[in-house]
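First comes the structure, then the notes that go with it.
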Amino acid sequence: ISADLGNNYPMHRLLQGDVGCGKTIIAALSIGLCAESGLQAAFLVPTEVLANQHFETIKKALRGLSFLKDTSGEQQIKVITSSLSKKEAESIYEGLSTDKIKVIIGTHALIQEKITFKKLGLVVIDEQHKFGVAQRSLLPQKGLVTPHCLVMSATPIPRSLALSLYGDLDLTVIEDLPKGRIKPQTMWLKEKKRKWVYDFLKKEIESGRQAYVVYPVIEESIDEDLKSLKIMHKSLVKEFTGLCVKEFHGKMKAQDKEKAIKDFKDGTIHILVCTTVIEVGLNIENATVMVVENPERFGLAQLHQLRGRIQRASLQPYFILLSKENLAQAAAKRLQVISEESSGFKIAEEDLLMRGPGDFFGNLQHGLPDLKIANPLRDLETLKQARHFAYNNIKKDPALKDKANECIRRHLENVYNCDIESLLS
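Under my numbering, think of the first position of the sequence shown as 3, with each following residue one higher.
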């Protein structure tokens with residue numbers, strides 16, 4: 003990545019790695035290289051909680067670098083989210099347009115029309131599958147020249163899909179987790195084991211650990227088998243007398259979410275009763291136990307993401323799936339896979355085999371296109387050849403004027419409803 007940043011043409015690179023492998027620190031170092039060179043960097047993330055967490059991480063990682071030592075005392079790293087006041091937001095707009103702010107971290111608020119950059123040099127997009135294709139393309143367009151672009155994903159995608167899904171990006175894969183990390187012990191248990199699960203939680207909390215309890219819904223559901231966060235929160239408060247049990251979900255006010263995360267990080271909350279809003283990026287090292295209610299309602303990738311939240315330190319983590327007694331065959335197979343396999347890439351390949359390419363793209367990988375013909379597991383060699391052909395063809399004949407490329411030209415002009423020259427310009 004540092005070599006890419008030194009080139010005189012823009013980087014387009016996908017950084018892929020399993021949950022907790024260290025992508026954020028690589029993003030921070032990339033941002034530091036850019037800012038130290040006198041350019042601005044923008045970091046786009048899917049949630050406000052993650053934006054604030056990355057803000058603290060990057061400030062800590064880059065402390066001491068010269069670009070932070072502004073003589074005016076103005077903070078050169080800022081966060082922008084939809085919860086800012088109009089005055090705060092306008093101050094950030096002005097700082098970005100005049101180059102007073104060197105690093106900006108933000109949610110969707112970062113891609114609104116009002117934001118312009120004076121010297122945008124690097125765009126980092128975290129958890130890229132959480133943004134649509136059009137949204138991802140907006141931020142790099144805000145630079146006066148095309149900035150370097152680093153796209154990061156912890157969503158496990160089989161390696162056989164990388165060439166077809168990200169053919170326009172160079173690919174970097176982080177193979178390992180940081181030294182000292184312990185793999186979570188995954189337990190799939192049925193409803194009749196609930197008392198044992200609660201006793202286990204109490205024992206772990208008594209030893210100084212904290213826990214998540216995850217539910218698929220917030221309000222009471224028509225489905226009697228589906229545990230509701232609000233109802234179960236009241237039940238858990240009664241069960242864990244003397245312990246602090248709090249809610250955390252996407253419908254809470256921003257300041258309430260921020261307070262809940264701060265209290266959980268400080269250790270004053272023992273059990274966080276939450277939805278999958280915690281699946282992306284949340285980093286609480288002392289939280290080493292997670293109980294997932296109705297795990298059959300989650301996809302494999304989502305369960306793997308959730309498990310990554312408790313794999314942040316050198317403490318033994320426990321991932322407990324608490325399902326109803328009788329499950330459909332497909333649901334039972336998913337829970338068996340997540341119980342036995344820890345590699346995100348292998349889990350993704352199993353998921354692809356079970357679902358088939360259409361369902362895999364449609365329900366799991368938001369914003370990714372369907373493959374109309376190819377099966378990415380069966381047709382890997384064909385995908386490689388197609389990518390090689392596409393690159394060579396565009397290099398030799400960018401306007402597709404050769405007679406051999408006439409059918410491709412006509413197809414593209416029909417799809418985009420304009421001629422190739424207009425597309426190129």
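Note that the Cβ used here is the ideal one computed from N, Cα and C, for glycine as well.
According to DSSP, is Tyr214 part of a helix, a strand, or is it coil? The residue labelled residue 214 in the question sits at position 212 within the sequence shown. Of the three classes helix, strand and coil, the one that applies to Tyr214 here is strand, per DSSP.
Less than 8 Å between C-beta atoms, sequence neighbours within five positions excluded: which residues of the same chain meet that for Glu193? Your numbering for residue 193 matches position 191 in the sequence shown. The residues Leu324, Ser325, Lys326, Glu327, in chain order, have a CB closer than 8 Å to that of Glu193 in the same chain once the five nearest residues on each side in sequence are set aside.
Looking at the structure shown, is Glu96 part of a helix, part of a strand, or coil, going by DSSP? Taking the sequence shown and counting its residues from 1, the one referred to as residue 96 is at position 94. In this structure, Glu96 counts as helix in the three-state DSSP scheme.
If contact is defined by three or more beta carbon pairs under 8 Å, each pair taking one atom from either stretch, is the segment 231-247 in contact with the segment 267-275? yes
Where the beta strand (DSSP E) containing Arg2 begins and where it ends: There is simply no residue 2 to check, as the chain begins at 3 and stops at 427 in what is shown.
For the beta strand (DSSP E) holding Asp172, just list the boundary residues, first then last. If you number the sequence shown from 1, residue 172 lands on position 170. That run of the beta strand (DSSP E) goes 172-176.
Which value, in whole angstroms, describes the spacing of the CA atoms of Lys255 and Val51? Within the sequence shown, residue 255 is the residue found at index 253, counting from 1. Within the sequence shown, residue 51 is the residue found at index 49, counting from 1. Distance between the alpha carbons of Lys255 and Val51: 11 Å.
Which of the three DSSP states, helix, strand or coil, is assigned to Ala289? Within the sequence shown, residue 289 is the residue found at index 287, counting from 1. Strand.
Through-space distance from Ala44 to Ile82, alpha-carbon basis: Counted from its first residue, the sequence shown places residue 82 at position 80. Counted from its first residue, the sequence shown places residue 44 at position 42. Spanning the alpha carbons of Ile82 and Ala44 requires a straight line of approximately 11 Å.
Backbone CA spacing between Glu423 and Pro400 [nearest angstrom]: Counting from one through the sequence shown, the residue named residue 423 turns up at place 421. Counting from one through the sequence shown, the residue named residue 400 turns up at place 398. Their backbone Cα atoms lie some 10 Å apart in a straight line.
Quick one: what does DSSP say Asp6 is sitting in, helix, strand or coil? Here residue 6 refers to the residue found at position 4 of the sequence shown. Helix, per DSSP.
Beta bridge counterpart(s) of Lys192 as assigned by DSSP: Walking along the sequence shown from the start, residue 192 turns up at place 190. Answer is Ser325.
Do you know offhand how far Glu263's Cα is from Glu287's? Residue mapping note: residue 263 aligns to position 261 of the sequence shown, counting from 1. Residue mapping note: residue 287 aligns to position 285 of the sequence shown, counting from 1. According to the sequence as given, residue 263 is Ile; it is not Glu. Roughly 12 Å separates the two Cα atoms.
Ala1 - containing alpha helix (DSSP H), residue span: The structure shown does not extend to residue 1, since the chain spans only 3 to 427, so no value can be given for it.
Just list the residues that DSSP pairs Gln338 with in beta bridges. Taking the sequence shown and counting its residues from 1, one reaches residue 338 at position 336. Answer is none; Gln338 lacks a bridge partner.
Looking only at its chain, what residues have a beta carbon closer than 6 Å to the beta carbon of Ala315, apart from the 5 residues adjacent to it on each side? If you number the sequence shown from 1, residue 315 lands on position 313. Excluding positions up to five away in sequence, the list reads Glu287.
I'd like the list of long-range same chain contacts for Gly24, defined as Cβ closer than 7 Å, with 5 residues on each side in sequence excluded. Mapped onto the sequence shown, residue 24 falls at position 22. Ile176, Pro180.
Measure the Cβ-Cβ separation of His56 and Ile3 and say whether it is below 8 Å. As a working mapping, residue 56 is identified with position 54 in the sequence shown. As a working mapping, residue 3 is identified with position 1 in the sequence shown. Not in contact: His56 and Ile3 (Cβ atoms no closer than 8 Å).
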